[in-house]
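Participant: After the structure tokens below, expect a handful of questions from me.
Number of protein chains: 2
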Amino acid sequence: MSDQLSQVFAALADPLRRDLVSRLSDGDATVGDLAAPYDVSLQAVSKHLKVLEQAGLVSRSKDAQRRPVHLEAEVFDLMTAWIERYRRQAEARYQRLDAVLAELDADGADLPTPSRTRGAAS
Amino acid sequence: MSDQLSQVFAALADPLRRDLVSRLSDGDATVGDLAAPYDVSLQAVSKHLKVLEQAGLVSRSKDAQRRPVHLEAEVFDLMTAWIERYRRQAEARYQRLDAVLAELDADGADLPTPSRTRGAAS
DNA sequence: GTCGTAGTCAACCCAGCAGTTGACAAGGAG
DNA sequence: CTCCTTGTCAACTGCTGGGTTGACTACGAC
């Protein structure tokens, strides 16, 4: 679980943490402000923030005894890149399959272009 | 944790499961095929697949005693939508801040457009 | 100085998850 | 039919994660 991608996904798997991110996208906030709407303890929220910080989604500065929390949007790119990669790959495969099926249909199902059968053919 | 978004994020928080998704984007495969490269038991991989299935990332059909696994790419859209939403929101906020700062700089820091100060002003 | 505020740290509990092994079901193959 | 393959289900273990409470630090206010 040490890789950042795993940490980011794990961090966002919790609804409360996603809500924190959501509210932080609206502007920086202190721990107390963030904790107020929930009925969990301040310490629990502080822990959640630590998880987000560890994942690189959030940074905390130091202003007197206050700890303003700031959203780091760049990390989203990491996820987006990963997601897009496999979505596109999967979509490309479907399109290829569609093309093959269309070709089969057009040719009359007699010459199934026997060159490449990788994948679904078992 | 019942909402799908949480399940999807949690499912992808595991490197092995991400690897399964990665390999499935290359084409359907059986449980045995998928389990082969790892040094964990077949049952463990089957469990991982169940997690992915529960999250809607994967579907299993039935072919004799074989259970071909198929990647469902649509669920990625759910994540992408969530991510994009907050990334754009955060980026927009930065741009607004930049604009305000630029304006301050241009005006000579005497008329800080005192209408809206929400957010970072403590 | 004392008090109150903002937040972290540490210890502890409970639930869930990843991994294991063992037994079992479902279908071909001989 | 029996055997083998493919895979699931069930029970158990160990670890991690989210929650709590209590004590502590750091800073500003009085």
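So the protein lines, in turn, are chains R and S. When the letters of the first sequence are read in order and numbered with full-length UniProt numbering, they come out as residues 1 to 122. When the letters of the second sequence are read in order and numbered with full-length UniProt numbering, they come out as residues 1 to 122. We put the CB at the ideal spot given by N, CA and C, even for glycine.
(1) Which one or two residues does DSSP pair with R:V58 in a beta bridge?
(2) Measuring only the C-alpha atoms, how far is R:L5 from R:E53?
(3) Please classify S:A13: does DSSP put it in a helix, a strand, or coil?
(4) Quick check on R:E84 - is its C-beta less than 9 Å from some C-beta in chain S?
(5) List, in chain order, every chain R residue whose beta-carbon is nearer than 7 Å to that of residue 130 of chain S.
(6) Considering just the uninterrupted stretch of the alpha helix (DSSP H) at S:V40, what are its terminal residues?
(7) Tell me, please, whether the CB atom of R:P15 is closer than 9 Å to any CB atom in chain S?
(8) Would S:V8 be called buried (16 or more neighbouring beta carbons within 10 Å of its own) or exposed?
(9) Spell out the partners DSSP gives R:R88 in its beta bridges.
(10) Decide if the region 11-20 of chain S is in contact with the region 17-26 of chain R; the criterion is three or more beta carbon pairs, one per stretch, under 8 Å apart.
(11) Cβ closer than 7 Å: which chain R residues qualify as neighbours of S:A90?
(12) How many angstroms separate the CA atom of S:Q95 from the CA atom of S:R88?
(13) Does the Cβ of R:D39 have 16 or more other Cβ atoms within 10 Å, making it buried, or fewer, making it exposed?
(14) List the residues of chain S whose Cβ lies closer than 9 Å to the Cβ of R:D3, in chain order.
(15) Give me whichever residues DSSP pairs with R:A81 in a beta bridge.
(16) For S:L12, go through chain R and note every residue whose CB falls closer than 7 Å to its CB, in chain order.
(17) Can you give the Cα-Cα distance for R:W82 and R:H70, rounded to whole angstroms?
(18) Using a Cβ-Cβ cut-off of 9 Å, state whether R:R18 counts as contacting chain S.
(19) Count the other CB atoms within 10 Å of the CB of R:D28; is the residue buried (16 or more) or exposed (fewer)?
(20) Run through chain R and tell me which residues come within less than 9 Å of S:S6, C-beta to C-beta.
(21) According to DSSP, is R:P112 part of a helix, a strand, or is it coil?
Facilitator: To lay it out plainly:
(1) DSSP lists R:L71 as partners of R:V58.
(2) Taking C-alpha positions only, R:L5 is separated from R:E53 by approximately 13 Å.
(3) Reduced to three states, the DSSP call for S:A13 is coil.
(4) Under the Cβ criterion of 9 Å, R:E84 is counted among the residues facing chain S.
(5) Absent from the model: residue 130 of chain S. The displayed extent of chain S is 1 to 122, so no value can be given.
(6) For S:V40, there is no enclosing alpha helix (DSSP H), since its DSSP letter is neither H nor E.
(7) Taking Cβ atoms only, chain S reaches closer than 9 Å to R:P15, which makes this a yes.
(8) With at least 16 other beta carbons inside 10 angstroms of its own, S:V8 counts as buried.
(9) Paired residue(s): none; R:R88 is not in a bridge.
(10) The region 11-20 of chain S makes no contact with the region 17-26 of chain R: fewer than 3 CB pairs, one atom from each, lie closer than 8 Å.
(11) By Cβ distance, chain R contributes S25, L71, A73.
(12) If I take the Cα positions, the gap works out to 10 Å.
(13) Result: exposed.
(14) Chain-order list of chain S residues neighbouring R:D3: P15, by C-beta distance under 9 Å.
(15) For R:A81, which the question treats as bridged, DSSP gives no partner whatsoever.
(16) Contact of S:L12 with chain R by beta-carbon distance below 7 Å involves F9.
(17) Taking C-alpha positions only, R:W82 is separated from R:H70 by approximately 24 Å.
(18) Output row for R:R18: interface = yes.
(19) With 16 or more Cβ atoms within 10 Å of its Cβ, R:D28 is classed as buried.
(20) Per Cβ cutoff of 9 Å: L12, A13, D14, P15, R18.
(21) Model confidence at R:P112 stands at a pLDDT of 40, short of 50, so the residue's coordinates are unreliable and nothing is read from them.
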